[in-house]
Amino acid sequence: MAKGNGTSNLTLEQVLQMGLNHQRAGRVSDAIILYQKILKMIPNQPEALHLMGLCHHQKGNHRKAIELMRKSLKGAANNPVVHNNLAVSLAAANDPKAAEEHYRTSIRINPSYTEAHSNLAALLGNREGFAEAIEHYKIALKHNPTHFASHKGLGNALSRQSKPTEALNHYKAALQLNPHDADLQTDTGIALKLLGRVEDAIRHHTNARRLDKSENRHFFSFANTLEGCQLKSGNQELEETLLEMLVSDEITPGGLAVPVMSVLMLKDEFRAIIERYEDRQSRPDRVDPDDLERLNAEPLFLRLLNIVPFSNAQFEFALTAIRRALLLDPPAKLADHLPFLATLAAQCFNNEYVYILDQDERAALIKREQAIKDNLAAGKNPAPEEVAVLCCYRALIDYDWATDLETATWPDEMRDVIRRQRDEPLQERELRKKIPNLTGIEDKVSQIVRAQYEENPYPRWIHAGISKTGRPVGDLLRSNPLLMDLGDYVTPEKPEILVAGCGTGQHSLHTATRFSDVRVLAVDLSLASLAYAQRQTENLGIRNIEFGQADILQLENMDRTFDVVECSGVLHHMDDPMAGWRVLERILRPGGLMRIGLYSELARQDIVAARDYIAQKGYGTGADDIRQCRQDILSGDEELAFKPGIRSDFYSLSACRDLIFHVQEHRFTLLQIRECLDELGLEFIDFELRPQHHFTAKRTEINSKFKGNERLVPWNKFEHEFPNTFTNMYQFWCRKPKS
């Protein structure tokens, strides 16, 4: 046999085994040297070619691996192992069609070959061939009941078919074989969340994070599981994870408000403080400094206060009382509590000063502001805590003396208030002057709606939940968890996307970052919202979004067309939604995709009741009327039909105005949407909705039986059974014919 390396007296099989031992120990280069020696002595030796191909696969050189294994097959055409391993390299080289062919050849040669069945199933599952994938996984497990990859893969395939109970059985079997697989722990957590077993899901997500903190998937899946959940238990590790999520640019923090608040309220001392100030009958007139210190010692509480409106009446009542007491009868050493005070100012700014205030507070505010003016006139800079108190009632930019403050030496927490409440709004005023007007705004309803959104940029946000790595449009929509059937859709080389009604930029940022190689035009009626969006986008360093002021009804005047059009939460605020939708259809290129968001008639019955209540009571649309209306709803004794359905948007001023005070609102049924799509010549594809067990299970059933706009008929029946499915909006994709 080969000479050198101590192999001169060894058989071919022994040298091949030495090479395998090197491979398994990670000494791939040493293995290659041995295989090269064999091939020098025995040219085209099939197993040496095969194993050297595996070495190159391990090194990431899939093309070389494919070349060597194809040579191996010339001398061993009926070797199922080589066919299987060649298929693995072909799949890694993004040639799934050839990979499938070799997997099937391997199985034809050896029908009981577990690895080939499992690998073929994984390939089919990635291409939405779930039914056949499941069959091959089952065959693999029949031949090897303890095959880890097959249990894990079958669990994933069943999960994607909205069968979380069956999936969980296989995840459990896989966990018994290998509990140290982080992906498996995350997948188990996702299945448990779909089954409503949140506490169990948290345990598995926590395990995944312990095993691999470097993989973002585990982090984001954990955040998705926690979103909107009322937690019944907590611990230090969970709190640290929640805090990490609240700091992340890639996670939208609003969905974490409920779990964070529920974890905080599990703490006896914290809960006692909130309950003491929340009780409007017995709450103290003064704030106990010890209470402020205790609140200030909760980083989760401070972080959430700082970045999103608290969507909870109990917290609102408590914070309203604390704010009042700090204004009317502050502690002797108010400066000692500046971190909490600055954070409370941030919360009030976030919710646009939605908290109610009484006449005593109004009088005290006048006196305090006058004192600051007098100090500034005398050349004295006010103390930061004095300014912080006023910033809990009105944005700093709205005080005419705001630019006279000397803040360079102020503490960081107060300088953050200055930045958000003065410097950034000033920056937005300058940006407004530079945003191009792309169309006229002539429609009267458009002008009224524009005026509503000019009062405040809505919604304000800190983290938009942007993606760091985008994917081609078609690939993303076809992949898990969306799994949309796009037919023959091919992603354009550099898609041009229109976001019609971009608001303050979250939608356009989401689109511009989750899709790769795209250019986005984001338009809106409101310059205030556009300026906010422009500033935030520039701060994030995103360069593929262009902003402009425009009315949807006039978009054809731009003489531009788009590969994708997205319009969410806009058409239903127009005088004639179909007029706007027709314009969007005309500027969508043939074969292009459209994403639409519309209010559901069924899901907004609580909002209809709220609007009727507002009309009956005669509330206006000004800030004070909205504050009073909210207070009457939250604290009123009468049973209101819509009260149990109060939503998170209720807890900030502009969001509440948009929710129940909007000057123009249409609502749709799914059968009406079907008629609209038929008239427009658009084909319904699918909903884009966060996975829910009953929804995803029905989705699989409907998509297997119906096509296009006909899918909306069974969906309409389903919505009547589950009327809260589309509480936010119908968010769906449709497509324009190629010709």
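Note that this note's numbering has the sequence shown beginning at 523, numbered continuously upward. Think of the CB as a built atom: it goes at the ideal place given N, C-alpha and C, for glycine as much as any other residue. On a predicted model such as this, the values are computed, not experimentally measured, just so you know.
- For Glu928, no alpha helix (DSSP H) run applies, since DSSP gives it neither H nor E.
- Counting the other Cβ atoms within 10 Å of the Cβ of Gly541 gives 16 or more, which makes it buried.
- Taking C-alpha positions only, His572 is separated from Cys1089 by approximately 53 Å.
- In this structure Asn606 is buried. Its beta-carbon is surrounded by 16 or more other beta-carbon atoms within 10 angstroms.
- In the assembly as shown, Asp1010 is an exposed residue. Its beta-carbon has fewer than 16 other beta-carbons within 10 Å.
- Proximity of the segment 584-591 to the segment 601-621 meets the contact definition, three or more beta-carbon pairs being nearer than 8 Å.
- For Glu1241 against Leu1124, the beta-carbon gap comes to about 6 Å, under 8 Å, which counts as contact.
- A direct Cα-to-Cα measurement between Glu952 and Ala1055 gives close to 13 Å.
- Judged by DSSP in its simplified three-state form, Asp807 adopts coil rather than helix or strand.
- Shown here, Ile1067 sits in a strand according to DSSP, grouped into three states.
- Counting along the chain, Met563 sits inside the alpha helix (DSSP H) bounded by residues 550-563.
- If you ignore the 5 residues before and after Ser1038, its C-beta comes within less than 6 Å of the C-beta of Gly992, Arg993, Pro994, all in its own chain and listed in chain order.
- Assigned with DSSP and collapsed to three states, Leu1115 falls in strand.
- Here Phe1183 is not near Leu1120, since their CB atoms are 8 Å or more apart.
- For Leu1075, the CB contacts under 7 Å within the same chain, skipping 5 residues up- and downstream, are Asp965, Ser968, Ala1101, Gly1102, Val1105 in chain order.
- Taking C-beta atoms under 8 Å as the contact rule, Thr708 and Ala730 qualify, at a distance of about 4 Å.
- Nearest neighbour of Pro947 by Cα position, chosen from Asn738, Gln803, Ala1050, Arg1111, turns out to be Ala1050.
- The Cβ atoms of Leu824 and Val782 lie no closer than 8 Å to each other.
- The beta carbon of Leu1193 is closer than 8 Å to those of Leu1234, Val1235, Asn1238 in its chain, skipping five residues each way along the sequence.
- Taking all protein chains shown into account, Ser551 has fewer than 16 neighbouring C-beta atoms within 10 Å of its C-beta and is therefore exposed.
- Close CB contacts of Val785 within its chain, under the 6 Å cut and outside five residues either way in sequence, are with Leu753, Gly756 (chain order).
- Relative to Met574, the option among Pro602, Asn600, Val537 whose CA is nearest is Val537.
- In the DSSP assignment, Asn903 forms no beta bridge with any residue.
- Secondary structure at Glu791: helix, using DSSP grouped into helix, strand and coil.
- Cβ neighbours of Cys870 within its own chain (closer than 6 Å, five residues either side excluded): Cys914.
- By the neighbour-count criterion, in which 16 or more other beta carbons inside 10 Å mark a residue as buried, Leu788 falls on the exposed side.
- Judged by their CB atoms, Leu866 and Arg845 are nearer to each other than the 8 Å cut-off.
- In its chain, beyond the 5 residues on either side, Lys586, Ala587 have a beta carbon closer than 6 Å to the beta carbon of His578.
- Under DSSP, Ser1122 forms a beta bridge with Phe1190.
- The residue among Ala1044, Gly548, Arg982 with its C-alpha nearest the C-alpha of Pro775 is Arg982.
- The straight-line gap separating the alpha-carbon atoms of Ser1226 and Lys1220 is approximately 10 Å.
- If you draw a straight line from the Cα of Arg1196 to the Cα of Arg816, it comes to about 55 Å.
- Considering only Met563, Arg793, Ala840, the residue with the shortest C-alpha distance to Gln803 is Ala840.
- Sixteen is the threshold: since fewer than 16 other Cβ atoms of the shown chains lie within 10 Å of the Cβ of Glu1015, the residue is exposed.
- When rounded, the separation of the alpha-carbon atoms in Phe1217 and Ala713 is 14 Å.
- Boundaries of the beta strand (DSSP E) around Tyr1252: 1252-1257.
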